[in-house]
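Engineer: Quick note on numbering: our numbering labels position 33 of the sequence shown as 34, and the sequence is numbered without any gaps.
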Amino acid sequence: MEAHIAAALVPLLGWAVHGSVLTHRLAAARRDPLTGLHTRAGWTARAEHCIRRHPAAAVLLVDLDHFKTLNDTHGHAAGDAALIAVADRLRTWCGRNGTAGRLGGDEFVAVVRDMTTADLDALTTALHRPLNHAGMSLPLAASIGTCRVAELPVPALSDALAAADAAMYAAKGRSRRGTHPSH
Numbered sequence: 002m003e004a005h006i007a008a009a010l011v012p013l014l015g016w017a018v019h020g021s022v023l024t025h026r027l028a029a030a031r032r033d034p035l036t037g038l039h040t041r042a043g044w045t046a047r048a049e050h051c052i053r054r055h056p057a058a059a060v061l062l063v064d065l066d067h068f069k070t071l072n073d074t075h076g077h078a079a080g081d082a083a084l085i086a087v088a089d090r091l092r093t094w095c096g097r098n099g100t101a102g103r104l105g106g107d108e109f110v111a112v113v114r115d116m117t118t119a120d121l122d123a124l125t126t127a128l129h130r131p132l133n134h135a136g137m138s139l140p141l142a143a144s145i146g147t148c149r150v151a152e153l154p155v156p157a158l159s160d161a162l163a164a165a166d167a168a169m170y171a172a173k174g175r176s177r178r179g180t181h182p183s184h
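So this is what it looks like as structure tokens:
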């Protein structure tokens with residue numbers, strides 16, 4: 002009788018292992034392999050939850066300035082180091098008040114529960130601190146756009162991202178198409 006029970010348990014064990022592997026792969030897919038930050042999918046789920054629960058929430062969009070130049074001048078290893086540094090600085094700034102993510106390329110995103118307690122000047126300072134890489138001090142700069150969700154007619158993540166994107170490009174001093182606003 003015990004042999005029959007063991008034979009019945011083998012497929013169940015196989016399914017349990019398979020399920021565990023799939024769960025691990027799904028979790029890994031929601032993390033950026035370079036920076037360890039949440040990818041768009043992982044971050045979006047957390048951001049939507051945060052916006053629903055915290056009326057003072059805000060969404061931030063961060064774009065590295067002159068990243069292509071840094072990458073072309075100092076190499077891809079320096080570019081990767083810059084992305085990792087920005088991710089670490091953004092994650093540290095968010096702390097327990099929010100969640101950071103990497104949308105791709107040199108574009109990062111964050112949601113914070115309460116923008117009134119978040120120090121945006123501290124984030125700006127951190128993101129503009131030079132990066133020590135391979136014995137050199139590389140300049141870093143980033144443009145930040147923010148949107149306080151309470152200021153939207155409807156507290157929707159897509160609208161908050163669009164508003165933060167517009168604010169970020171205004172901070173860069175140009176429109177989405179790359180032209181100066183006065184043109």
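Using N, Cα and C, we set each Cβ at its ideal position, and we do this for glycine too. Nothing here was measured: the structure is a model prediction, and the numbers come from that model.
1) Under 8 angstroms, do L62 and A151 count as touching if we go by C-beta distance?
2) If you compare alpha carbons, which of R53, V60, G43 and E108 is closest to T147?
3) With distance defined between alpha-carbon atoms, name the residue in E49, A57 and L158 nearest to L119.
4) Within this structure, are the beta carbons of A190 and L121 separated by less than 8 angstroms?
5) Taking all protein chains shown into account, do 16 or more other C-beta atoms lie within 10 angstroms of the C-beta of M137, making it buried, or fewer, making it exposed?
6) Give me the DSSP bridge partner(s) of M137.
7) For R31, which residues of its own chain have a beta-carbon under 7 angstroms away from its beta-carbon, when the five flanking residues on both sides are left out?
8) What did DSSP end up calling T74 once you bin it into helix, strand or coil?
9) Taking DSSP's pairing of strands, which residues face A103 in a bridge?
10) Can you tell which of A86, P34 and T45 has its C-alpha closest to the C-alpha of L139?
Structural biologist: Reading it off the structure:
1) Counting from 1 along the sequence shown, the entry for residue 62 is found at position 61. Counting from 1 along the sequence shown, the entry for residue 151 is found at position 150. No, these two residues do not count as a Cβ contact at 8 angstroms.
2) The sequence position of residue 147 within the sequence shown is 146, counting from 1. Comparing Cα-Cα distances from T147 to each of R53, V60, G43 and E108, the minimum goes to V60.
3) Looking up residue 119 in the sequence shown gives position 118. One detail in the question is off: residue 119 reads as Ala in this sequence, not Leu. That would be A57, whose Cα lies nearest to the Cα of A119.
4) Limits of the chain in this structure are 2 at one end and 184 at the other, which puts residue 190 out of reach.
5) By 1-based counting over the sequence shown, the position of residue 137 is 136. Result: exposed.
6) Here residue 137 refers to the residue found at position 136 of the sequence shown. Bridge partners of M137: H134.
7) Working through the sequence shown from its first residue, we reach residue 31 at position 30. If we look at R31 and ignore the five residues flanking it on each side, its Cβ neighbours are H39, T40, A42 and G43.
8) Position 73 of the sequence shown, counted from the start, is the residue given in the question as residue 74. In the structure shown, T74 sits in a helix (DSSP, three-state: H, G or I).
9) Here residue 103 refers to the residue found at position 102 when the sequence shown is read from its first residue. One point to set straight first is that residue 103 is Arg, not Ala, in the sequence displayed. DSSP, once it has assigned bridges, lists F109 as partnering R103.
10) What you label residue 139 is simply residue 138 of the sequence shown in a count that begins at 1. The shortest C-alpha separation from L139 is found at A86.
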